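Presented below is the structure to which this report refers.
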Amino acid sequence: METLDIALPRMALLYGLCLLPWLLLWLIGLRLSRDIGISILRMSIQLALVGIYLKMLFDLNHPWLNGLWILVMLLVADLSILRRAGLKARYFVLATFMAIASSILFSTAYLVILVIQPTHFYDARYIVPLAGMILGNCLQGNVIALERFYSALRKNENEYATFLMLGATRWEAVRPYFREAVKAAINPTIAGMATMGLVSLPGMMTGQILGGSEPWLAVKYQIAIMICIFTSTTIACIINLKLSLNIAFNEFDVLRDEVIDKP
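Everything in the sequence shown is counted per my numbering, starting at 448 for the first residue and increasing by one.
In structure tokens:
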């Protein structure tokens, strides 16, 4: 059974649904018409272009093209993480890229090569959407980890300095903030896994069911992707924070002001 297509007139009807939240926001005094319009327009254009490109990518199914697309996703995610975390890209871009690339490639390769085992390990229909889903969730976790960690350090500079004066090493002094940052980063994933299936049907599982897959097959894929998301997010956050320590502090273990992007 194939998924029912949505014709263009019905897509236009779908866009009409946005009028309801727009009207409610206008009634409570939030003038966000321009922001909402730009966001919806950008989403539509970007997804349309990605759809065209993915169709070509799936048809060609060339390992170098597939790898290039994943590289582009990693670079965009890298810059997005640093911008949203309030850190200057020129200092942290390589460290963050190494952290997310190593965790995403490891988890995706583990899932595709060892668990799913398609005919070709580079099959675009598997590695591109799976890597994208893992990366999307890993991105949010890294934003939270970096933002929480450096915000806590700036807020508690006196406490951090006291630890150092009492003889603590840099790692010993930052460890409480490190732990809290990693905990905050992975908490949403842990909470999502604990309530999945009870509160809502997750996106990947819903998509597969709509695409005609048997519910039990969709369940297995959803479990696989959530385990990979949890693994990648945890690994990436820890590596990212650890690598950033040598960049963010000077030789006297003082946090460098120039690495923080001032609001």
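A virtual CB, placed ideally from N, CA and C, is assigned to each residue, including glycine. Bear in mind that the values here come from a model prediction, so they are computed numbers and not experimental data.
Indicate the three-state DSSP secondary structure (helix, strand or coil) for residue i in the structure shown.
i: residue 534; result: strand
i: residue 539; result: helix
i: residue 783; result: Here the chain covers residues 448 to 710 and nothing more, so residue 783 does not appear.
i: residue 479; result: coil
i: residue 659; result: coil
i: residue 564; result: coil
i: residue 569; result: coil
i: residue 615; result: coil
i: residue 591; result: helix
i: residue 525; result: helix
i: residue 513; result: helix
i: residue 455; result: helix
i: residue 508; result: coil
i: residue 584; result: helix
i: residue 687; result: helix
i: residue 634; result: helix
i: residue 605; result: helix
Less than 8 angstroms between the beta carbons of residue i and residue j, yes or no?
i: residue 672; j: residue 577; result: yes
i: residue 501; j: residue 575; result: yes
i: residue 542; j: residue 694; result: yes
i: residue 571; j: residue 505; result: yes
i: residue 534; j: residue 708; result: yes
i: residue 684; j: residue 589; result: yes
i: residue 528; j: residue 600; result: no
i: residue 617; j: residue 702; result: no
i: residue 641; j: residue 655; result: no
Please determine, among the options, the residue with the shortest C-alpha to C-alpha distance to residue i.
i: residue 607; options: 549, 458, 481, 622; result: 622
i: residue 609; options: 520, 700, 627; result: 700
i: residue 520; options: 532, 552, 503; result: 552
i: residue 569; options: 510, 681, 655, 464; result: 510
i: residue 440; options: 532, 668, 707, 692; result: What is shown of the chain runs 448 to 710, which leaves residue 440 out entirely.
i: residue 517; options: 489, 573, 496, 530; result: 573
i: residue 585; options: 524, 702, 641, 482; result: 524
i: residue 484; options: 604, 498, 462; result: 462
i: residue 530; options: 492, 612, 591, 659; result: 591
i: residue 579; options: 507, 513, 458; result: 513
i: residue 491; options: 477, 458, 507; result: 458
Bridge partners of residue i, per DSSP?
i: residue 702; result: 696
i: residue 707; result: 534
For residue i, which residues in the same chain have their Cβ closer than 6 angstroms to its Cβ, ignoring the five residues on either side in sequence?
i: residue 716; result: In the structure as shown, the chain starts at 448 and stops at 710, and residue 716 therefore has no counterpart that could be examined.
i: residue 669; result: 649, 651, 652
i: residue 454; result: none
i: residue 645; result: none
i: residue 550; result: 679, 682, 683
Within the same chain, show all residues whose beta-carbon is closer than 7 angstroms to that of residue i, passing over the 5 residues directly before and after it, in chain order.
i: residue 562; result: 671
i: residue 480; result: 469
i: residue 596; result: 624, 625, 628, 688
i: residue 690; result: 542, 545, 546
i: residue 538; result: 694, 706
Kindly examine the ligand MN and report whether one of its heavy atoms sits closer than 7 angstroms to the Cβ of residue i.
i: residue 662; result: In the structure shown, the ligand MN is absent, as is every other ligand, since no ligand is present at all.
Kindly list the residues whose CB is nearer than 8 angstroms to the CB of residue i, restricted to its own chain and excluding five residues on each side of it in sequence; keep chain order.
i: residue 526; result: 536, 540
i: residue 603; result: 624
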